[in-house]
Amino acid sequence: MSILEFMGTGYTPAGMDPTGTIEGAADLLSISPGAVAPEVLSSNSAPAYKPQDSPASTTSGSTRKRGRLPSPPDQDLEEEDSQTVIKRQRNTMAARKYRQKRLDRISDLEHSLSDMTDQRDALKLQLARKEAEVDALREMLSRK
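Residue numbering for the sequence shown follows full-length UniProt numbering, beginning at 1 and increasing consecutively.
The following block contains the structure:
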């Protein structure tokens, strides 16, 4: 659906004739890339779009803008505040619990890493001893 169909008959956006074509569009298509001066492209210029007043754009008394709902009565406000405080306290406790759990997990992973590193070093030492033993045995075999 086009804007013209949506807005109905009698609506004509700025810069557009009633047939739906944009004034000067043919001229824009024939401009070469270097032909536009930098002053024309500056961001300080006013916007080209000029809204027109139309019956569809004005708001009537029966409709209202979307947004926040009307504020509740005072007694509900106190109850809502206490609920908000309780909810915020629960959220704070949950966040604290999550952060502690994350720190505990990181600590466990660091401990596991330390254990694995020690085990790797011990295995490297054991491998070096076995390789030295194999070299010594080969040396003994080659002498016979």
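Just so you know, even glycine gets a beta-carbon here, dropped at the ideal spot from N, CA and C.
Can you give me the C-alpha to C-alpha distance between Arg99 and Leu109, rounded to a whole angstrom?
Along the sequence shown, one-based indexing puts residue 99 at 99. Along the sequence shown, one-based indexing puts residue 109 at 109. Pairing Arg99 with Leu109, the inter-Cα distance amounts to about 15 Å.
My output table needs one value for Lys97: the three-state DSSP class, helix, strand or coil.
By 1-based counting over the sequence shown, the position of residue 97 is 97. Note: Lys97 maps to helix in three-state DSSP.
DSSP three-state call for Leu141: helix, strand or coil?
The residue given as residue 141 occupies position 141 in the sequence shown. Leu141 falls in the helix class under three-state DSSP.
Is Arg66 helix, strand or coil by DSSP?
Reading the sequence shown from its first residue, position 66 is the one you call residue 66. Correct three-state label for Arg66: coil.
Could you give the distance in angstroms between the alpha-carbon of Thr63 and the alpha-carbon of Leu103?
One-based indexing of the sequence shown puts residue 63 at position 63. One-based indexing of the sequence shown puts residue 103 at position 103. Near 53 Å, if we compare the C-alpha coordinates of Leu103 and Thr63.
Alpha carbon of Gln89 to alpha carbon of Leu77, nearest angstrom
Along the sequence shown, read from residue 1 onward, the residue named residue 89 stands at position 89. Along the sequence shown, read from residue 1 onward, the residue named residue 77 stands at position 77. One C-alpha to the other measures close to 18 Å.
Euclidean distance between Cα positions of Glu139 and Arg129:
The residue labelled residue 139 in the question sits at position 139 within the sequence shown. The residue labelled residue 129 in the question sits at position 129 within the sequence shown. If I take the Cα positions, the gap works out to 15 Å.
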